[in-house]
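Data first, discussion second: the structure below is written as structure tokens.
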Amino acid sequence: MAIAKVGVVGCGLMGSGIAEICAKAGLSTIVREVSDEFLKKGQERINGSLAKAMKRAIEKEKKDPTMAQMEMAQSIGRLSYTTRLEDLKDCDLVVEAIIEDKGQKQDLYKQLDALCKPSTIFCSNTSNISITELGAVTRRADKFAGLHFFNPVPVMKLVEVIKGVLTSDATLGELKGFSEKVGKTAIVAKDTCGFVVNVLLVPYLFDAIRLVENGVASIRDIDTGMKLGCGYPMGPLELLDFVGIDTTYHISVNMFEEFKSDRYAAPPLLKKMHLAGLHGRKTGKGFYDYTDPANPVPMKLA
Ligand SMILES: NC(=O)c1ccc[n+]([C@@H]2O[C@H](COP(=O)([O-])OP(=O)(O)OC[C@H]3O[C@@H](n4cnc5c(N)ncnc54)[C@H](O)[C@@H]3O)[C@@H](O)[C@H]2O)c1
Numbered sequence: 115m116a117i118a119k120v121g122v123v124g125c126g127l128m129g130s131g132i133a134e135i136c137a138k139a140g141l142s143t144i145v146r147e148v149s150d151e152f153l154k155k156g157q158e159r160i161n162g163s164l165a166k167a168m169k170r171a172i173e174k175e176k177k178d179p180t181m182a183q184m185e186m187a188q189s190i191g192r193l194s195y196t197t198r199l200e201d202l203k204d205c206d207l208v209v210e211a212i213i214e215d216k217g218q219k220q221d222l223y224k225q226l227d228a229l230c231k232p233s234t235i236f237c238s239n240t241s242n243i244s245i246t247e248l249g250a251v252t253r254r255a256d257k258f259a260g261l262h263f264f265n266p267v268p269v270m271k272l273v274e275v276i277k278g279v280l281t282s283d284a285t286l287g288e289l290k291g292f293s294e295k296v297g298k299t300a301i302v303a304k305d306t307c308g309f310v311v312n313v314l315l316v317p318y319l320f321d322a323i324r325l326v327e328n329g330v331a332s333i334r335d336i337d338t339g340m341k342l343g344c345g346y347p348m349g350p351l352e353l354l355d356f357v358g359i360d361t362t363y364h365i366s367v368n369m370f371e372e373f374k375s376d377r378y379a380a381p382p383l384l385k386k387m388h389l390a391g392l393h394g395r396k397t398g399k400g401f402y403d404y405t406d407p408a409n410p411v412p413m414k415l416a
């Protein structure tokens, strides 16, 4: 089956990026949000990102401006927006990127299962909810998988394709082809909490928080250490602010529950920052204060 029409459910940080790369890759893309207000916000985010990419193509890659504008208009033309789930019924692939809540995701999949044609493949962008458990509420567990993109989606090259216990090889094949079409490199992982990247990344981030808690080095020096010492583009505390302190906290709760290992136990400082609303860039303060976004200043977190 060729994937020609994609439905994206949820148009927040991740859904908007996923919709954007699908439209850019020439796929007819329909986006569903819960209200007109969220739909408008999502549409603005997508159009803003497409405009930024066009500007970059003209200024940095010296692309012909007329061509760049035409390509942007074509991408915008491939996108449509709705609050009605029924409008996704003839999609070949539905990618879900709603909030990280198992109950809400399962409710959504039950509705989609009743609406969509039998051949539609369902994918979740979940960070660590079991794909098998989500797929089990549908009658198409063989056509159900994880498609875990990274933030920001238009920039990050990786996608993790997650195989649930019943996901068929044909579905995996379709998703590898789709990943390539939208310009990503796919790696395949079994349905285990955190897949590949978060299993490795989360303990590293938590160790960096413990260095702050123990007063081993300053926030700035920890980040500088990993950037200059290991060649990482961002330090661990900058990365935590980028991903979101709240998101990381929720990921840690799920991972700790699954593995019962100290490696995934949220350091007390992470929990306190979450409770204090210091969620990183999205709230303007986390390990850094972003009052001047061009010049973030380390926070005093004692
Ligand atoms: N933020 C990240 O860095 C990141 C990275 C990888 C994966 N994820 C995963 O992607 C998913 C989305 O995360 P996000 O950061 O984009 O969240 P977000 O809060 O920015 O966006 C979620 C959107 O889903 C919408 N929504 C909720 N219920 C809906 C429904 N039934 N139908 C349609 N829309 C609905 C909300 O209105 C909201 O706009 C989560 O499962 C998260 O774990 C996030």
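Just so we're aligned, residue 115 is where the sequence shown starts under my numbering, counting upward by one. Just so you know, even glycine gets a beta-carbon here, dropped at the ideal spot from N, CA and C. Treat the numbers as computed from the prediction; the structure is a model and nothing was measured.
Nearest to residue 315 by C-alpha distance, out of 303, 345, 354, 305, is 354. Contact between residue 278 and residue 249 holds, with the beta-carbon distance rounding to 5 Å and staying under 8 Å. In the structure shown, residue 324 falls within a helical segment according to DSSP collapsed to helix, strand and coil.
At a Cβ-Cβ threshold of 8 Å, residue 246 and residue 227 do not count as neighbours. Non-local beta-carbon contacts of residue 264 in its own chain, meaning distances under 6 Å to residues more than five positions away in sequence, involve 270, 272 in chain order.
DSSP, read as helix, strand or coil, puts residue 237 in strand. Two segments are said to touch when three or more pairs of C-beta atoms, one from each, lie closer than 8 Å; by this definition the segment 207-215 touches the segment 231-244. The continuous beta strand (DSSP E) containing residue 193 extends over residues 193-196. In this structure, the straight-line span from the alpha carbon of residue 334 to that of residue 202 is close to 46 Å. When the beta-carbon positions are compared, residue 259 and residue 222 stay at least 8 Å from each other. Between the beta-carbon of residue 218 and that of residue 212 there is about 6 Å, and that keeps the pair under the 8 Å contact cut.
Sequence-distant partners of residue 317 (beyond 5 residues in either direction) whose C-beta falls short of 6 Å from its own C-beta, in its chain, are 377.
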